[in-house]
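Undergrad: Heads up: the sequence shown runs through residues 77 to 352, numbered per our numbering.
Built from N, CA and C at the ideal position, the CB exists for glycine as well.
Sharing a structure, written as structure tokens. Questions coming.
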Amino acid sequence: MQLFGGASNQILVKKIGELGVSIGNVNISKFANDEKRVSVGKGSGVAAILQSFSSPVDENIIEFCLLSDALTRAGYSELVGVIPWLGYSKQDKVFLPGEALSAKVIAQIIQTTKIKKLITFDLHNRAITGFFDIPVLELSAKPLFRDYFAQKIGVDTDNCVVVAPDEGAVKASAAIARELGVPIAYMDKRRDLKTGEVSVVGMSGEVAGKHVIIVDDMIVTGSTMMESAEYLKKMGAISVSVAATHHLYLPGVQEKLEKSEIDEVVVSDSVGLMYT
């Protein structure tokens, strides 16, 4: 099998190559009218395409489709899609009348290619796999976060607590808390369906005098995490560590996180680093 990487996350492609995986050459350029041109050399057998659907989202999706077609025409008989961050996954339902079911549309687009299997990480909603007619393997970075915090806190479990940032994160947060041997607390939030803004309206559980660990699937604008950290500090938390599988590195977000009440941010490399 050979791995072919799109432009979205060449850092991750290089790291995988260092593990001994054969990396195929991909030529990506643009015509004068801003259209993408993708080409590969002749080959056979199985090819995997690694492309995160991160910013520029639509451009990276088109590039993925073009690369899939190029590999098929080059002679590869089986294609596997590796999309660590599946863009549009937050739009997993119709929130307001007249909206598109965007996550399903993206699933349909992927399936217009020759991809026979999809590998992704920590979907915003696992129900998204139901939009696909091909096998979807959802992996998770959360065990890595668990191991990181287990090593960090050691035996000092009495002074730590895992906080579920919202209802959707309760199950995963409870599992991590159980494995770490620490208590769990829950935040109550409300989302504005028009603006998407989230506000903290309360919580259950004790955080005063404790080091708080929050594990979530993504950091987009960071506003939810920052507001949560500010609220937790007001409730007496000593420190707040945030772990998220996907950091989308939107402009200005990292700088805001560093100036916030968050003491530590731990993320995977599912999205190519866009901040230095």
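1) Report buried or exposed for Gly-348, applying the criterion of at least 16 other Cβ atoms within 10 angstroms of its Cβ.
2) Rounded to whole angstroms, what is the Cα-Cα separation between Ser-84 and Ala-176?
3) Would you grab the beta carbon distance between Leu-126 and Val-89 for me? Rounded to a whole angstrom, and I think it's under 8 angstroms.
4) Suppose you measure from the CA of Gly-263 to the CA of Lys-218; what does that come to, to the nearest Å?
5) DSSP on Met-302, reduced to helix/strand/coil?
6) What first and last residue would you give for the alpha helix (DSSP H) that runs through Asp-234?
7) Hey, quick one: how far does the alpha helix (DSSP H) through Ile-138 stretch, first residue to last?
8) Tell me whether Phe-221 is buried or exposed, calling it buried when 16 or more other Cβ atoms sit within 10 Å of its Cβ.
9) Is it true that the segment 138 to 153 meets the segment 304 to 315, where meeting means three or more beta-carbon pairs spaced less than 8 angstroms apart?
10) Around the Cβ of Ile-87, are there at least 16 other Cβ atoms within 10 angstroms (buried) or fewer (exposed)?
11) Answer with buried or exposed for Met-302, where buried requires no fewer than 16 other C-beta atoms within 10 angstroms of its C-beta.
12) Going by DSSP, name the residue or residues bridged to Ile-185.
13) Under 7 angstroms, do Val-316 and Val-341 count as touching if we go by C-beta distance?
TA: Taking the structure as given:
1) buried
2) 25 angstroms
3) 6 angstroms
4) The sequence given here places Met at residue 263; Gly does not occur at that position. If you take the alpha carbons of Met-263 and Lys-218, they lie about 19 angstroms apart.
5) helix
6) Per DSSP, Asp-234 belongs to no alpha helix (DSSP H) and is neither H nor E.
7) 133 to 149
8) buried
9) no
10) exposed
11) buried
12) Bridge partners of Ile-185: none, in fact.
13) no
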